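Take the sequence shown: its position 206, counted from the start at 1, is 236 in the numbering used here, and no numbers get skipped. Just so you know, even glycine gets a beta-carbon here, dropped at the ideal spot from N, CA and C. Since this is a predicted model, take the numbers as computed values, not measurements. Note sheet for the following structure.
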Amino acid sequence: MDKAVLEIGAGTGLVSESTMNLFSETHERITGQTDQAEAQGLKRHVSLMQKPEQQGRVPAWVSSIQSTFGKDVYHYVGQDIVIYESIDSYGAVMWPAALALCSFLDNNRDEVNLQGKEVLELGAGTGLVTIVASLLGASVTSTDLPEVLSNLRANVMRNTRKHCRHTPQVEVLSWGYDLERTHPTSIYRYDYILAADVVYHHDFLDELLATMKHFCLPGTTVIWANKVRMENDLTFTGNFKKAFHTSLLAEDGDMKIFMGTCRH
Ligand SMILES: C[S@@+](CC[C@H](N)C(=O)[O-])C[C@H]1O[C@@H](n2cnc3c(N)ncnc32)[C@H](O)[C@@H]1O
31 MDKAVLEIGA GTGLVSESTM NLFSETHERI TGQTDQAEAQ GLKRHVSLMQ KPEQQGRVPA
91 WVSSIQSTFG KDVYHYVGQD IVIYESIDSY GAVMWPAALA LCSFLDNNRD EVNLQGKEVL
151 ELGAGTGLVT IVASLLGASV TSTDLPEVLS NLRANVMRNT RKHCRHTPQV EVLSWGYDLE
211 RTHPTSIYRY DYILAADVVY HHDFLDELLA TMKHFCLPGT TVIWANKVRM ENDLTFTGNF
271 KKAFHTSLLA EDGDMKIFMG TCRH
């Protein structure tokens with residue numbers, strides 16, 4: 031039977047589009063309880079898998095995921111990684127560039143060798159990139175805004191305790207211009223700066239670039255993965271290229287992974 035559906039706060043419209051395509055199938059799966067795990071995984075399949083599968087292919091950056099309500103299990107570096115999400119903020123849910131970056135780091139260990147390296151992650155969100163970098167042997171400082179830190183810390187600690195040589199640190203770092211006072215470069219030196227999906231519609235893009243520049247010293251490599259969505263993102267990409275010697279490490283459609291080193 032046809033159902034009338036009202037979506038409130040439709041945003042990108044993905045839910046409505048998916049609902050139109052999937053509603054009857056979804057409904058059957060859930061009410062029929064033929065495969066409860068599959069029904070529980072629907073949210074994740076809709077957000078990450080449906081579009082590529084509709085195109086007849088799964089991009090390289092999609093991890094094998096078994097989803098349940100409240101937590102997702104990812105598999106990188108030979109290990110299951112359990113990530114809890116919440117609805118609190120942008121940083122409390124997984125974004126696609128995190129998956130792209132984790133796949134890239136896991137599959138290109140010679141090109142980007144993180145073993146024993148000092149790594150800073152900006153806008154770490156749920157912590158998956160920090161966890162994967164730590165499992166790959168890096169000493170990671172994972173940073174984000176204060177409101178994200180408790181979930182970030184729990185995810186990072188749960189998945190790295192007893193598995194990593196270097197215990198990752200989780201700290202507040204708000205992008206800005208005052209970093210020479212709060213994070214002097216004489217003390218805070220990193221081999222790699224990692225950032226996934228930190229460029230989207232927000233008011234701190236100049237501060238984000240200033241932060242990347244602040245931490246990118248001679249010998250530092252910035253690896254920035256982003257799904258390019260809007261005009262804003264292209265402007266930031268142009269500014270990133272002006273600020274750093276830039277190369278494209280990987281791309282899959284609008285998913286891009288850039289590498290930058292400092293110009294001075
Ligand atoms: C879209 S989320 C991406 C999260 C994670 N990297 C991922 O890919 O799943 C953007 C992240 O940047 C953080 N963020 C946004 N504005 C920030 C700011 N001004 N200073 C520091 N972090 C910020 C958010 O809290 C959030 O965790």
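Checklist entry - Could you give the distance in angstroms between the alpha-carbon of Gly249 and the alpha-carbon of Glu148? => result Between Gly249 and Glu148, the C-alpha separation is close to 11 angstroms.
Item to check | For Gly146 and Asn185, the rounded distance between their alpha carbons | outcome: 22 angstroms
Checklist entry - Cβ of Ala154 within 9 angstroms of Cβ of Trp205? => result no
Checklist entry - Of the choices Ser164, Thr190 and Met124, whose alpha-carbon is the least far from that of Val336? => result The shown model of the chain, from 31 to 294, leaves out residue 336, and the question about it has no answer.
Checklist entry - Going by alpha carbons, who is nearest to Val200 out of Thr156, Lys101 and Cys292? => result Thr156
Checklist entry - Do Ala255 and Ala130 have their C-beta atoms within less than 9 angstroms of each other? => result yes
Next on the checklist: Below 8 angstroms on the Cβ atoms is my contact criterion, and I expect Leu162 with Tyr106 to pass it. Report the Cβ-Cβ distance as a whole number of Å.
Outcome noted: A small correction: the amino acid at residue 162 is Val; Leu does not occupy that position in the sequence shown. Rounded, the Cβ-Cβ distance is 5 angstroms, consistent with contact.
Next on the checklist: I'd like the list of long-range same chain contacts for Tyr220, defined as Cβ closer than 7 angstroms, with 5 residues on each side in sequence excluded.
Outcome noted: Glu148, Val149, Leu150, Phe245 and Thr250
Checklist entry - Gly290: buried (16+ other C-beta within 10 angstroms of its C-beta) or exposed? => result Under a 10 Å Cβ-count criterion, Gly290 is classified as buried, with 16 or more other Cβ atoms of the shown protein chains found around its own Cβ.
Next on the checklist: Run through the DSSP bridge pairs and tell me what Leu129 is partnered with.
Outcome noted: In the DSSP output, where bridge partners are listed per residue, Leu129 has none listed.
Checklist entry - In its own chain, which residues sit with a C-beta less than 7 angstroms from the C-beta of Phe274, not counting the 5 before and 5 after it? => result Cys246, Val252, Gly290, Thr291, Cys292 and Arg293
Next on the checklist: Just checking Gly249 against ligand 1 - is the residue's beta carbon closer than 8 angstroms to any of the ligand's heavy atoms?
Outcome noted: no
Checklist entry - Looking at the structure shown, is Glu281 part of a helix, part of a strand, or coil, going by DSSP? => result strand
Checklist entry - Which of helix, strand or coil does DSSP assign to Phe266? => result helix
Checklist entry - Is it the case that the Cβ atoms of His213 and Leu224 are separated by a distance below 9 angstroms? => result no
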